[in-house]
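Residue numbering for the sequence shown follows the numbering used here, starting at 281 and increasing by one per position. Quick notes on the structure that follows.
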Amino acid sequence: MKAITAKHLWSFPLLFGFLGGIIGLVLRYAFTGSIANFPFKFVLHSHSHIMLLGFVFNALIVLLFTRFTNGIDTTSYRLYLALQVCVAVLLVGFIIQGYALVTITFSTLHLWISYCLVIRLWKRLVGKKSDLILIKTGSIFHFISSIGPYALGPLMALKMQASPWYEQAIFFYLHFQYFGSFFLWMLAILFQKTTIRLTKKQMSLLVGAITLLYAHSLQYSFNHLAIQIVGSIGSIALFLFFLKLKKSFSNQKLQYQLFFGTLLFIGILNCFGSIPYFSNLVITNRFMLIAWLHFLFLGMYLPFIWMELGTKIRQSIWVVYIVFLLTSEAFLLFPTFFSELFATSIMWLLFIAYFGVVLCISVVHLTALFQKNKIDELTRTR
281 MKAITAKHLW SFPLLFGFLG GIIGLVLRYA FTGSIANFPF KFVLHSHSHI MLLGFVFNAL
341 IVLLFTRFTN GIDTTSYRLY LALQVCVAVL LVGFIIQGYA LVTITFSTLH LWISYCLVIR
401 LWKRLVGKKS DLILIKTGSI FHFISSIGPY ALGPLMALKM QASPWYEQAI FFYLHFQYFG
461 SFFLWMLAIL FQKTTIRLTK KQMSLLVGAI TLLYAHSLQY SFNHLAIQIV GSIGSIALFL
521 FFLKLKKSFS NQKLQYQLFF GTLLFIGILN CFGSIPYFSN LVITNRFMLI AWLHFLFLGM
581 YLPFIWMELG TKIRQSIWVV YIVFLLTSEA FLLFPTFFSE LFATSIMWLL FIAYFGVVLC
641 ISVVHLTALF QKNKIDELTR TR
């Protein structure tokens with residue numbers, strides 16, 4: 281099994297990350313109005329699912345199995361392959377029919393198979409206690425997050441698609457994935473590499489912060505002082521958690537120091553998100569929401585996965601990627617200003633910025649895919 285691990289485990293997140301980026305770029309091009317009768321909603325569903333499940337989830341699962349177990353066993357490997365079949369069907373299915381019988385079936389199947397894989401991972405974990413607690417807590421959040429998708433069926437049956445609860449079911453799932461399972465799994469991998477050990481108080485502070493931060497999602501549907509207060513407490517708790525780790529990261533490698541800076545910045549942004557003025561901006565301005573989600577994905581998860589990929593990425597690629605990423609964020613935050621500055625539609629400016637981002641993703645993923653396949657072939661011939 282070890283002889284094929286490099287190729288078969290990493291091939292899928294690298295490939296799906298590349299395809300998801302290309303689909304996103306096509307979506308950006310379509311938003312310029314250059315493609316008539318384009319199925320925006322269908323393609324958007326395909327893009328988001330592939331990047332979320334095919335890239336981030338896959339990559340983190342690979343890192344957890346390779347870093348915290350004695351190697352993936354045959355049954356777990358087959359479950360992992362089954363997940364890839366589901367993702368491939370979703371990629372095509374969403375583009376063709378959106379949310380319908382096939383995509384709902386395979387989304388549910390992916391969720392059930394992921395349960396089995398996460399449980400098998402749990403039983404095989406080895407490593408320092410604080411890291412394993414993070415992984416296990418993240419796994420619990422993975423199960424908790426699925427309450428959201430399960431609620432969609434009954435809500436549809438009750439014809440409540442237009443109710444705020446339908447939207448909240450989706451937000452519930454996304455929050456406890458983005459800031460639940462994915463976030464804690466990422467931190468476990470990060471802390472293992474940096475030999476940081478969390479205390480029980482730090483662990484409680486982190487888990488409490490993540491739970492309370494769901495209040496930010498509730499603000500999209502409900503306007504209540506209590507929700508704002510709970511979200512503020514969660515934001516401050518998360519910021520304090522990262523602030524207490526500042527000394528621990530001061531002695532780490534430069535790339536981990538820079539990544540910690542990103543985490544600290546995200547903590548600060550969450551605090552700003554608790555202020556009514558800024559939270560209302562995100563709620564009422566779709567570009568602001570996209571800027572936040574893309575920053576989490578392209579500014580945190582993707583760079584982290586690249587750091588842990590085990591493939592050397594040229595500094596020039598990093599620089600170009602960061603420049604285009606920050607440019608795209610600036611365009612989303614100040615669309616009118618940049619549209620007037622360049623006398624060009626903001627949609628064309630965003631397409632150009634994301635073209636640079638996707639170009640970097642393509643170079644990194646295809647290069648890494650080739651290198652890992654080459655390493656695998658060398659391993660099997662020995």
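C-beta atoms are modelled at their ideal positions from N, C-alpha and C, and glycine is treated no differently.
Helix, strand or coil at residue i according to DSSP, with G and I counted as helix
i: SER425; result: helix
i: ASN550; result: helix
i: GLN499; result: coil
i: MET331; result: helix
i: VAL372; result: helix
i: TYR601; result: helix
i: ILE655; result: Only weak support is given to the placement of ILE655: the predicted model assigns it a pLDDT of 45, under 50, and the value that follows is read from those uncertain coordinates. Helix, per DSSP.
i: ALA506; result: helix
i: SER530; result: coil
i: GLU588; result: coil
i: LEU435; result: helix
i: GLN457; result: helix
i: GLY351; result: coil
i: LEU493; result: coil
i: ILE555; result: coil
i: ALA571; result: helix
i: ILE302; result: helix
i: ALA339; result: helix
i: ASN317; result: coil
i: LEU464; result: helix
i: THR616; result: helix
i: TYR357; result: helix
i: TYR430; result: helix
i: LYS282; result: Because LYS282 carries a pLDDT of 47, less than 50, the predicted location of this residue cannot be relied on, and the following value inherits that uncertainty. Residue state, collapsed to three classes: helix.
i: MET483; result: helix
i: LYS416; result: helix
i: LEU403; result: What sits at residue 403 in the sequence shown is Lys, not Leu. Correct three-state label for LYS403: helix.
i: TYR446; result: helix
i: ASN560; result: helix
i: PHE291; result: It should be pointed out that residue 291 corresponds to Ser in this sequence rather than to Phe. Three-state DSSP puts SER291 in a helix.
Cβ-Cβ distance between residue i and residue j below 7 Å
i: ILE255; j: LEU359; result: Outside the displayed span of the chain (281 to 662) sits residue 255, for which this structure offers no information.
i: SER461; j: PHE421; result: yes
i: PHE618; j: LEU629; result: yes
i: PHE322; j: ILE384; result: no
i: PHE456; j: ILE424; result: yes
i: PHE604; j: ALA648; result: no
i: GLY514; j: TRP465; result: no
i: SER554; j: SER512; result: yes
i: VAL336; j: TYR581; result: yes
i: ALA571; j: LEU613; result: yes
i: PHE529; j: THR312; result: no
i: VAL637; j: ILE593; result: no
i: LEU467; j: LEU505; result: no
i: GLN364; j: PHE292; result: yes
i: LEU401; j: SER426; result: no
i: THR475; j: ARG404; result: no
i: CYS366; j: LEU389; result: yes
Closest Cα partner of residue i within the set the options
i: THR491; options: PHE502, ILE507, ILE476; result: ILE507
i: TYR379; options: LEU305, MET436, GLY334, ILE570; result: MET436
i: TYR557; options: GLN499, SER596, VAL643, ALA610; result: GLN499
i: LYS408; options: ILE375, LYS473, PHE459, ALA368; result: LYS473
i: GLN377; options: LEU454, SER326, LEU505; result: SER326
i: GLY579; options: GLY541, LEU391, LEU589, SER554; result: GLY541
i: ILE602; options: PHE635, THR616, PRO615, SER625; result: PHE635
i: LEU343; options: LEU289, PHE386, LEU518, GLY297; result: LEU289
i: ILE450; options: ALA431, LEU464, ALA468, MET440; result: ALA431
i: LEU525; options: LEU478, SER394, ILE415; result: LEU478
i: SER410; options: PHE335, GLU620, LEU486; result: LEU486
i: SER497; options: SER625, LEU582, GLY428, SER530; result: GLY428
i: GLY590; options: GLN651, LYS527, LEU569; result: GLN651
i: LEU454; options: ALA623, LEU333, SER608; result: LEU333
i: VAL599; options: ALA610, PRO583, PHE611; result: PRO583
i: PHE452; options: LEU493, ILE469, LEU534, SER625; result: LEU493
i: GLY373; options: LEU412, LYS416, PRO319, LEU639; result: PRO319
i: SER328; options: THR354, LEU573, LEU646; result: LEU573
i: LEU470; options: GLN532, ALA517, LYS416; result: GLN532
i: TYR395; options: VAL369, LEU412, LEU543, SER356; result: SER356
Inter-residue CB distance, residue i and residue j (contact presumed, cutoff 8 Å)
i: PHE539; j: MET483; result: That belief does not hold up - the Cβ atoms of PHE539 and MET483 are roughly 20 Å apart, past 8 Å.
i: ALA495; j: PHE521; result: Their Cβ separation, rounded to whole angstroms, is 17 Å, which puts ALA495 and PHE521 out of contact at 8 Å.
i: PHE296; j: ASN338; result: 7 Å
i: SER642; j: GLY301; result: 7 Å
i: GLY547; j: PHE519; result: 4 Å
i: ILE393; j: ALA362; result: 5 Å
i: PHE575; j: GLU609; result: 6 Å
i: LEU305; j: LEU324; result: Incorrect: roughly 13 Å between the Cβ atoms, too far for contact.
Residue i CB to nearest heavy atom of the ligand PLP below 6 Å
i: GLN499; result: This structure does not include the ligand PLP; it has no bound ligands of any sort.
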